[in-house]
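*Asks:* I have a structure here, written as structure tokens, and I will follow up with some questions on it.
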Amino acid sequence: MAGEKPPARTPPGPPPRPLLWRWRHNPLRRRTDTIEAWAGLGLLIAVLAVAPLAALLVGDSARRHYEDTARHQHLTRYEVTATLTRDAPRHPEPGSDEEKKTRYPVEVRVITREGRTRTTRTDVPPGLPAGGTVRLWITADGEATDRPLTARQIHSRTMGWALLAAIGVALSGAAVHALTGLALRRRNLSAWGTAWAETAPRWSTPT
Numbered sequence: 001m002a003g004e005k006p007p008a009r010t011p012p013g014p015p016p017r018p019l020l021w022r023w024r025h026n027p028l029r030r031r032t033d034t035i036e037a038w039a040g041l042g043l044l045i046a047v048l049a050v051a052p053l054a055a056l057l058v059g060d061s062a063r064r065h066y067e068d069t070a071r072h073q074h075l076t077r078y079e080v081t082a083t084l085t086r087d088a089p090r091h092p093e094p095g096s097d098e099e100k101k102t103r104y105p106v107e108v109r110v111i112t113r114e115g116r117t118r119t120t121r122t123d124v125p126p127g128l129p130a131g132g133t134v135r136l137w138i139t140a141d142g143e144a145t146d147r148p149l150t151a152r153q154i155h156s157r158t159m160g161w162a163l164l165a166a167i168g169v170a171l172s173g174a175a176v177h178a179l180t181g182l183a184l185r186r187r188n189l190s191a192w193g194t195a196w197a198e199t200a201p202r203w204s205t206p207t
């Protein structure tokens, strides 16, 4: 009847998500689409399961390695007072922030635990005069070296290796997924070429 309002229509639902189209039942879905979908799901589950385990194992191995290294360093290194044998260079801008960070390599004299006097080189703040002293770590031979690893350094390096292990597993999973997709796409193209070779003569007009 005139004047009557048409019945309200139910708005269409949201379109299917692009990432889920391989799971939908439709006549255009190929067998390779299903294989790729299941392979992606399997790889995702594998990565989520293996990545934490790899991080734990690699992190534990790295922690034990660095703890052994630190113990060895504590046994073979010690801190002494070294004496400068000549003046350290002066920074061109005294009093600047850069002066506080700048270090210059200078020859210093140290006395080992055995009482031997040795000379070595170490980095010192600018402007220190000859005869001035600095603290540094040396090896048993009297060579300047880094201080032994601290607990914070061990923890930081352990976490770094654990993170790299987890990232490596994730990247490996992504690479396998990409190679699987590439192989399936090549198979699709080959099947398409075969099907077209069989169908083309039916669409072609003989001349």
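Using our numbering, the letters of the sequence shown map in sequence onto residues 1 to 207.
Don't be surprised by glycine CBs; every beta carbon is placed ideally from N, CA and C.
Per the contact definition of three or more C-beta pairs closer than 8 Å, is the segment 31–49 in contact with the segment 137–146?
*Replies:* Output reads no: the segment 31–49 does not touch the segment 137–146.
*Asks:* Quick check: what's the CA-CA separation for Thr-120 versus Thr-158?
*Replies:* Between Thr-120 and Thr-158, the C-alpha separation is close to 32 Å.
*Asks:* Measure from the alpha carbon of Asp-60 to the alpha carbon of each residue in Ile-154, Asn-188, Ala-183 and His-91, then state which is nearest.
*Replies:* Nearest of Ile-154, Asn-188, Ala-183 and His-91 to Asp-60, Cα basis: Ile-154.
*Asks:* How close, in whole Å, do the beta carbons of Ala-140 and Val-108 come, if the pair is a contact with beta carbons under 8 Å?
*Replies:* Contact doesn't hold; Cβ gap of about 17 Å is too wide.
*Asks:* To test your reading of the DSSP string, which unbroken alpha helix (DSSP H) runs of 4 or more residues are found completely within the segment 22–89?
*Replies:* For the segment 22–89, whole alpha helix (DSSP H) runs of length 4 or above, ordered along the chain, are 31–76.
*Asks:* Under the rule that 16 or more other beta-carbon atoms within 10 Å means buried, what is Ile-167, buried or exposed?
*Replies:* Looking at its Cβ environment, which holds fewer than 16 other Cβ atoms inside 10 Å, Ile-167 is exposed.
*Asks:* Would you decide whether Leu-75 is buried or exposed? Buried here means 16 or more other CB atoms lie within 10 Å of its CB.
*Replies:* That one is exposed.
*Asks:* Just reading off the beta strand (DSSP E) that Asp-123 is part of, what are its end residues?
*Replies:* Segment 117–124, the beta strand (DSSP E) holding Asp-123.
*Asks:* Among the residues of its own chain, which have a CB less than 6 Å from the CB of Pro-105, if the five just before and after it don't count?
*Replies:* Excluding sequence neighbours, Pro-105 sits near Arg-121 and Asp-123.
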